[in-house]
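Just so you know, we're using our numbering here: the sequence shown kicks off at 172 and counts up by one.
What follows is a set of notes on a single structure, which appears directly below.
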Amino acid sequence: MTTRFCGRAQPYGQLVAALRAPSGARRCKSAPAVGIMRPAPALALAALCLLALPAAAAAAAYFGLTGRDVLTPFPGLGTAAAPAQAGAHLKQCDLLKLSRRQKQLCRREPGLAETLRDAAHLGLLECQFQFRQERWNCSLEGRTGLLQRGFKETAFLYAVSAAALTHALARACSAGRMERCTCDDSPGLESRQAWQWGVCGDNLKYSTKFLSNFLGPKRGSKDLRARADAHNTHVGIKAVKSGLRTTCKCHGVSGSCAVRTCWKQLSPFRETGQVLKLRYDTAVKVSSATNEALGRLELWVPAKPGGPAKGLTPRPGDLVYMEDSPSFCRPSKYSPGTAGRVCSRDASCSSLCCGRGYDTQSRMVAFSCHCQVQWCCYVECQQCAQQELVYTCKR
172 MTTRFCGRAQ PYGQLVAALR APSGARRCKS APAVGIMRPA PALALAALCL
222 LALPAAAAAA AYFGLTGRDV LTPFPGLGTA AAPAQAGAHL KQCDLLKLSR
272 RQKQLCRREP GLAETLRDAA HLGLLECQFQ FRQERWNCSL EGRTGLLQRG
322 FKETAFLYAV SAAALTHALA RACSAGRMER CTCDDSPGLE SRQAWQWGVC
372 GDNLKYSTKF LSNFLGPKRG SKDLRARADA HNTHVGIKAV KSGLRTTCKC
422 HGVSGSCAVR TCWKQLSPFR ETGQVLKLRY DTAVKVSSAT NEALGRLELW
472 VPAKPGGPAK GLTPRPGDLV YMEDSPSFCR PSKYSPGTAG RVCSRDASCS
522 SLCCGRGYDT QSRMVAFSCH CQVQWCCYVE CQQCAQQELV YTCKR
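Structure below.
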């Protein structure tokens, strides 16, 4: 016999979703449920990344745009909710591995150190999500040797780091966390009216301007790797810019649009991550060629058999890399390998397990079922369990 429970009030959309939850489970338990529906695997993974990431993991995040090295460990800066103390941002800036000029900029802007931390966390989570089904799953801890190479993965890291910093800076401005910037003030938008209605546009204009000043050149202009890094950085910034949209809100009696307020708003960073993952999948391999007119090295896409006789320069939206990536199948200085990784039998096991095969295990998974809406605003569900097969790559 199963025991029903009354869950908390839920929005109507979630109640409808609950009613559509699986109802044919064979076993039911009387333990109280923790939700009203079983989440999709991708959403569950994203939630686990956000909820289960400990402070130590956040402190070990890597951020490739704030130091002299390719990517540097990002020190823990406490929690975002910690109360601000006089001079606390100076200590936070001193903890970061920054160049002398970057440290000066950080010390002049009290909100910057916290924003850098948020950007590192944002970029790391997005990298892990986008590569969750790949052989390389954005695992950097103790394997920073990959970051010194010109792989496709390094190109993605530069792009997603630049995108995360651009996104975080723009949001920090609109949230009032930065002293030297505020809401977006794009011409043609009713920014002042938007502010009066409690709406503040994301300031992408200030974000990109500050970013170009903060990063600066890392190596000499004759360094091919420096040009590739700069190119990939701009691909990340461009991806954020392409997601900027104008959002409008109507104000009037009975929903009429007598007054309309518009402001600039960034798209969710998940959409930016998806764009960059597509750029990674279509990244182009480059070499260098001397531009005699300018007297400097240029990125060059070598001509392919059957293609144009002359090579081409990469497009502004292309991620570029200089050397082929390893397989990432076995543990190495670049990757922990894929042994023990959970995979999808139909979608990813054949590639992820590198031909070694996979093990199959059975486990019981609890979820809410047989949900019914009770007047007015509650939902009653049963707690059910069903067997689920889990596939992991063999060693």
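Each residue gets a CB set at the ideal place from its N, CA and C atoms; glycine is no exception.
Since we're looking at a predicted model, the values are computed, not measured.
Start-to-end residues for the alpha helix (DSSP H) that takes in residue i
i           : result
residue 413 : 395-413
residue 325 : 323-345
residue 510 : From DSSP, residue 510 is part of no alpha helix (DSSP H); its letter is neither H nor E.
Contact set for residue i: own chain, Cβ-Cβ below 7 Å, skip 5 residues either direction
i           : result
residue 512 : 523, 563, 564
residue 339 : 286, 289, 290, 293
residue 448 : 301
residue 503 : 497
residue 170 : As displayed, the chain neither begins before 172 nor continues past 566, which places residue 170 out of reach and without an answer.
Coil, strand or helix - residue i by DSSP
i           : result
residue 385 : helix
residue 470 : strand
residue 492 : strand
residue 267 : coil
residue 562 : strand
residue 549 : strand
residue 556 : strand
residue 277 : helix
residue 283 : helix
residue 483 : strand
residue 459 : strand
residue 229 : Low confidence applies to residue 229: its pLDDT is 31, below 50, so where it sits in the model is not reliable enough to give any reading.
residue 306 : coil
residue 377 : helix
residue 294 : helix
residue 311 : coil
residue 288 : helix
residue 501 : coil
residue 475 : coil
residue 351 : coil
residue 272 : helix
residue 316 : helix
6 Å Cβ shell around residue i - same chain, five flanking residues per side excluded
i           : result
residue 499 : 306, 307, 506
residue 521 : none
residue 411 : 334, 337, 338, 443
residue 398 : 470
residue 349 : 282, 343
Whole-angstrom C-beta distance between residue j and residue i, which should lie under 8 Å
i           : j           : result
residue 471 : residue 460 : 4 Å
residue 519 : residue 324 : Between residue 324 and residue 519 the Cβ distance is about 17 Å, and since that is not below 8 Å, they are no contact.
residue 352 : residue 384 : Not confirmed; about 13 Å, so no contact.
residue 594 : residue 329 : Here the chain has residues from 172 to 566 only, and residue 594 is not among them.
Cβ shell of residue i (< 8 Å), same chain only, five flanking positions each side left out
i           : result
residue 427 : 421
residue 275 : none
residue 264 : 274, 277, 278, 283, 284
residue 408 : 333, 334, 337, 379, 382
residue 561 : 513, 531, 532, 533, 534
Next on the checklist: Extract the residue ranges of the beta strand (DSSP E) inside the segment 415-456, only unbroken runs of 3 or more that lie entirely within it.
Outcome noted: Those beta strand (DSSP E) runs which fall completely within the segment 415-456 and span 3+ residues are 416-422, 430-436.
Checklist entry - Taking the runs of the alpha helix (DSSP H) that are 4 residues or longer, which of them lie wholly in the segment 512-544? => result Runs of the alpha helix (DSSP H) spanning 4 or more residues and lying entirely within the segment 512-544 occur at 520-523, in chain order.
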